[in-house]
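Taken in order, the sequence shown gives residues 1 to 435; the numbers are from my numbering.
We treat Cβ as the ideally placed atom computed from N, Cα and C, and that holds for glycine.
Have a look at the structure below before the remarks.
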Amino acid sequence: DIAEEVKSNRRDKNLKANQQTVGTGAVVDKDNLILAPRIFYKGDMTMYATRPALQLKGYVKLDLKKIKGYATWLLYEQSGDEKEVYLDFDNAITEEGGKAEAGLHFASDNDVYITFVSDKKNSEDEDFFLPKGSLFFDKESAEFRIEDREKAAGNKLSGQVFAYNEDKQEVRFEGPVNFFRGNKEFNLIATALGSGNLETNDIKMNSFVMADMNLPGLAYQIMAINLQEIIKDEGASDGLGDQTELLYKIADIVGERTVKDYEQKSLLNYVSLGTIPALAKPIVFSNTNLKWSQKSKSFYSEGTLGISNIGRYDINGAFEGFMEIRKNEDGSPVFHVFFKASPDAWFYFGYEDNRLITHSSNAAYNDLIGKKTNAAKAKVGELVFIPGSDEETLAFINRFRQTYYGLEVPYNLGGDSQTSKKKDKKKDEKEDDGF
Numbered sequence: 001d002i003a004e005e006v007k008s009n010r011r012d013k014n015l016k017a018n019q020q021t022v023g024t025g026a027v028v029d030k031d032n033l034i035l036a037p038r039i040f041y042k043g044d045m046t047m048y049a050t051r052p053a054l055q056l057k058g059y060v061k062l063d064l065k066k067i068k069g070y071a072t073w074l075l076y077e078q079s080g081d082e083k084e085v086y087l088d089f090d091n092a093i094t095e096e097g098g099k100a101e102a103g104l105h106f107a108s109d110n111d112v113y114i115t116f117v118s119d120k121k122n123s124e125d126e127d128f129f130l131p132k133g134s135l136f137f138d139k140e141s142a143e144f145r146i147e148d149r150e151k152a153a154g155n156k157l158s159g160q161v162f163a164y165n166e167d168k169q170e171v172r173f174e175g176p177v178n179f180f181r182g183n184k185e186f187n188l189i190a191t192a193l194g195s196g197n198l199e200t201n202d203i204k205m206n207s208f209v210m211a212d213m214n215l216p217g218l219a220y221q222i223m224a225i226n227l228q229e230i231i232k233d234e235g236a237s238d239g240l241g242d243q244t245e246l247l248y249k250i251a252d253i254v255g256e257r258t259v260k261d262y263e264q265k266s267l268l269n270y271v272s273l274g275t276i277p278a279l280a281k282p283i284v285f286s287n288t289n290l291k292w293s294q295k296s297k298s299f300y301s302e303g304t305l306g307i308s309n310i311g312r313y314d315i316n317g318a319f320e321g322f323m324e325i326r327k328n329e330d331g332s333p334v335f336h337v338f339f340k341a342s343p344d345a346w347f348y349f350g351y352e353d354n355r356l357i358t359h360s361s362n363a364a365y366n367d368l369i370g371k372k373t374n375a376a377k378a379k380v381g382e383l384v385f386i387p388g389s390d391e392e393t394l395a396f397i398n399r400f401r402q403t404y405y406g407l408e409v410p411y412n413l414g415g416d417s418q419t420s421k422k423k424d425k426k427k428d429e430k431e432d433d434g435f
């Protein structure tokens with residue numbers, strides 16, 4: 001029921017009346033008032049004849065039909081002349097006074113699930129991905145989005161994206177992801193461009209993963225030089241992946257100014273990521289495709305592992321490999337990775353219970369780990385690193401291949417890697433062409 005009143009605003013010294021019409025009213029949820037495409041409104045409304053937009057103080061709710069029991073109303077005020085509805089999601093408050101939730105989260109049983117402006121299963125559940133920015137509906141893509149408006153306009157590379165297409169029941173996410181709580185001696189720093197399905201819970205992503213493991217610097221130096229020599233002698237596929245995707249992935253780690261600077265320099269010449277201090281970590285996996293296994297409650301790699309750099313040593317190679325990231329029942333991190341540049345150049349790392357096993361085809365690397373191991377003198381809470389064996393390396397690889405790929409055939413450490421076969425094929429083709 002709109003009640004009209006005439007207000008006199010005396011604005012000058014001569015007390016001249018400046019009159020305007022003001023309409024006030026209230027809308028309840030049963031009215032199903034559509035404020036903007038796919039967005040409902042309830043609450044107070046004020047209309048000034050001299051202003052093009054309504055003045056609002058109430059709540060908005062997304063028009064979502066496929067999320068079971070969806071009924072989240074968010075506090076919304078509009079006092080300007082905005083024609084579109086943008087909600088500051090970072091500070092969004094529900095009608096009940098709680099913080100609005102959205103993202104990907106770990107349940108108490110370590111399963112990953114997706115929320116979009118709806119409550120988490122448990123408020124204590126750890127977050128895998130959280131969005132930031134404005135919540136709005138994009139008519140062109142038919143997606144609800146939470147995104148930095150400057151990024152949405154194409155003016156920024158950094159910033160999270162979280163988009164939900166209800167018709168397809170799919171989400172897209174972009175930005176930092178958190179596999180587990182690391183520490184200063186062992187941590188994974190990661191960003192991803194990913195997608196997920198709310199019905200099937202299929203989650204996959206192209207990831208940038210920096211493995212920050214506290215091993216002797218000389219170990220990484222031996223590894224880097226070994227890989228560089230192999231690439232020099234035999235070549236390797238590009239390890240950085242799609243250039244645009246790479247820029248988005250590193251932007252949230254290095255910041256907007258640094259990523260724009262890197263982009264400009266890269267247009268002129270190749271620039272190693274190892275020259276950027278924030279990216280000069282022990283092993284940087286720049287192009288890794290990860291999928292979520294609901295059965296094993298773990299992330300696992302598919303395809304080659306792209307390595308950009310080892311510390312400040314440039315690598316830029318894509319190698320056959322296997323990566324697994326998961327949590328134990330108590331929530332503690334588990335990380336395994338194996339990569340092979342050639343039958344004579346492979347490396348393995350296995351981390352669990354704050355203990356890191358590492359082994360390689362490189363004798364100098366293994367000798368160093370054997371001599372420098374801190375197993376006997378490590379203090380409580382310190383990362384313990386110990387030498388591994390061919391058997392432990394193969395145990396991981398064979399379990400990985402069987403669990404995620406369904407392959408029963410035992411792996412051959414000394415056999416030609418898939419990347420080697422591709423290189424040999426290219427080499428043969430060149431020779432056939434007379435090169």
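Given a threshold of 16 other Cβ atoms within 10 Å of its Cβ, counted over all protein chains shown, does residue i qualify as buried or as exposed?
{"i": "Ser123", "result": "exposed"}
{"i": "Lys151", "result": "buried"}
{"i": "Asp252", "result": "buried"}
{"i": "Gly69", "result": "exposed"}
{"i": "Tyr405", "result": "exposed"}
{"i": "Arg436", "result": "Summary: the structure shown does not reach residue 436, with the chain confined to residues 1 through 435, and so no result is reported for it."}
{"i": "Gly350", "result": "buried"}
{"i": "Gln294", "result": "exposed"}
{"i": "Leu279", "result": "buried"}
{"i": "Lys66", "result": "exposed"}
{"i": "Ala26", "result": "exposed"}
{"i": "Ser108", "result": "exposed"}
{"i": "Pro410", "result": "exposed"}
Classify residue i as helix, strand or coil using the three-state DSSP reduction.
{"i": "Gly175", "result": "strand"}
{"i": "Phe400", "result": "helix"}
{"i": "Asp138", "result": "strand"}
{"i": "Gln294", "result": "coil"}
{"i": "Asn269", "result": "coil"}
{"i": "Gln169", "result": "coil"}
{"i": "Glu245", "result": "helix"}
{"i": "Ile250", "result": "helix"}
{"i": "Tyr405", "result": "helix"}
{"i": "Gly414", "result": "coil"}
{"i": "Tyr300", "result": "strand"}
{"i": "Asp88", "result": "strand"}
{"i": "Leu130", "result": "coil"}
{"i": "Thr258", "result": "helix"}
{"i": "Asp314", "result": "strand"}
{"i": "Thr72", "result": "coil"}
Considering only DSSP beta bridges, list what residue i is partnered with.
{"i": "Lys42", "result": "Tyr59"}
{"i": "Lys156", "result": "According to DSSP, Lys156 bridges with nothing at all."}
{"i": "Ser308", "result": "Ser308 is not bridged to any residue."}
{"i": "Ile93", "result": "Lys99"}
{"i": "Phe285", "result": "Val209, Ile307"}
{"i": "Ile325", "result": "Phe299, Phe335"}
{"i": "Leu33", "result": "Tyr41"}
Which same chain residues end up closer than 6 Å to residue i when comparing Cβ atoms and leaving out the 5 residues on each side of it in sequence?
{"i": "Ala192", "result": "Val177, Met205, Ser207"}
{"i": "Ala163", "result": "Glu143, Arg145, Arg172"}
{"i": "Ala224", "result": "Ile310, Tyr313"}
{"i": "Met210", "result": "Ile189, Lys281, Val284"}
{"i": "Leu130", "result": "Gly103"}
{"i": "Ser158", "result": "Ala251, Asp252, Glu256"}
With a CB to CB cut of under 8 Å and the five nearest residues on each side skipped, what residues in its chain are close to residue i?
{"i": "Gln402", "result": "Glu408"}
{"i": "Pro277", "result": "none"}
{"i": "Asn289", "result": "Lys204, Met205, Asn206, Ser207, Ser301, Glu302, Gly303"}
{"i": "Phe128", "result": "Gly103, Leu104, His105, Phe106, Val112, Val177, Asn178, Phe179"}
{"i": "Gln243", "result": "Ser266"}
Whose C-beta lies closer than 7 Å to the C-beta of residue i among residues of the same chain, with five residues either side of it excluded?
{"i": "Pro216", "result": "Leu368, Lys372"}
{"i": "Thr115", "result": "Glu101, Ala102, Gly103, His105"}
{"i": "Pro37", "result": "Phe137, Lys139"}
{"i": "Tyr262", "result": "Val271, Ile276"}
{"i": "Gly239", "result": "Ser286, Asn287, Gly306, Ile307, Ser308, Ile315, Asn316, Gly317, Ala318"}
{"i": "Tyr365", "result": "Ala219, Ile222, Met223"}
{"i": "Lys120", "result": "Glu101, His105"}
Please tell me whether residue i has its Cβ less than 9 Å away from any Cβ of chain D.
{"i": "Asn122", "result": "Within the model displayed, chain D is absent; a lone protein chain is all it includes."}
| What residue ranges within the region 327 to 395 form continuous alpha helix (DSSP H) runs of no fewer than 4 residues, ordered along the chain? | 363 to 372
| Whole runs of the beta strand (DSSP E) within the region 174 to 243, excluding any shorter than 3 residues | 186 to 197, 203 to 213
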